[in-house]
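In mature numbering (1 follows the signal peptide of the UniProt record, and there is no 0), the protein residues as written are -25 to -1, 1 to 200.
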């Protein structure tokens, strides 16, 4: 009985560790900044969180750009299978991948634009081509797009929208961390309670065994007399 309880305890601990591992990768969608300074670098944010984090998935990403005053978008960057490729000469050697790096299940597709120029003002669109894999071998293809309207200025002018966006980002991060901490405490309390129960059952089993042995010894003595 005690061995079975210990096994259940180990399974519970494993489930908690798996939950913590998934929760550690919690995702929060935050809008990108929209004002860059000429001559400096700028991060174009693009985040698309999965609705169900437990569903396995893979994704590829493509970025497009439409310059201010132009009618058409041009393909500037793609990222798939842990590899990024600059697709347009105007952005050659000027784009770094700043999105998800340790997983092919991409949720953060942000890129970093180096040496920003006034010609970089315009509209940027990123596309997630996501494939979700379910247990019954069913795959679902989902395409999500995000838009960033970028303005390039000569001098930084931090606006209210940028400040609010940054504050909301930190609030989201803190909220996720608090939620994770609460879930960890809940798991560890369950583990501790299961451990105490296992010790009590082991002690009771040992007591019953000793009592049974003593009873058998007494019966043997009476028979001998």
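From the three backbone atoms N, C-alpha and C, an ideal C-beta is built for every residue, glycine too.
From a predicted model like this one, the values you see are computed outputs, not experimental measurements.
Exercise. Are three or more beta carbon pairs between the region 58 to 67 and the region 96 to 111 nearer than 8 Å?
Worked result: With the cut-off at 8 Å, the region 58 to 67 and the region 96 to 111 do not touch.
Exercise. Is residue 38 near residue 57, with beta carbons less than 9 Å apart?
Worked result: Residue mapping note: residue 38 aligns to position 63 of the chain shown, counting from 1. Residue mapping note: residue 57 aligns to position 82 of the chain shown, counting from 1. Not a contact, by the Cβ cut-off of 9 Å.
Exercise. So, using beta-carbon positions, are residue 16 and residue 88 closer together than 9 Å?
Worked result: As a position in the chain shown, residue 16 is number 41, starting the count at 1. As a position in the chain shown, residue 88 is number 113, starting the count at 1. Yes, Cβ-Cβ distance for residue 16 and residue 88 is below 9 Å.
Exercise. Helix or strand or just coil, what does DSSP make of residue 106?
Worked result: In the chain shown, counting from the first residue as 1, residue 106 sits at position 131. Three-state result, residue 106: strand.
Problem set entry | With 16 other Cβ atoms within 10 Å as the buried cut-off, status of residue 40 | Taking the chain shown and counting its residues from 1, the one referred to as residue 40 is at position 65. Residue 40 should be labelled buried.
Problem set entry | For residue 64, three-class secondary structure by DSSP | Your numbering for residue 64 matches position 89 in the chain shown. In the three-state scheme derived from DSSP, where H, G and I count as helix and E and B as strand, residue 64 is classed as helix.
Exercise. Ends of the beta strand (DSSP E) at residue 116?
Worked result: Within the chain shown, numbered from 1, the residue matching residue 116 stands at position 141. Counting along the chain, the beta strand (DSSP E) containing residue 116 begins and ends at 114 to 128.
Problem set entry | Euclidean distance between Cα positions of residue 162 and residue 168 | The residue labelled residue 162 in the question sits at position 187 within the chain shown. The residue labelled residue 168 in the question sits at position 193 within the chain shown. Looking at the two C-alpha atoms, the distance is approximately 10 Å.
Exercise. Secondary structure at residue 53, three-state DSSP: helix, strand or coil?
Worked result: Indexing the chain shown from 1 puts residue 53 at position 78. In this structure, DSSP gives residue 53 an extended state, which the three-state scheme calls strand.
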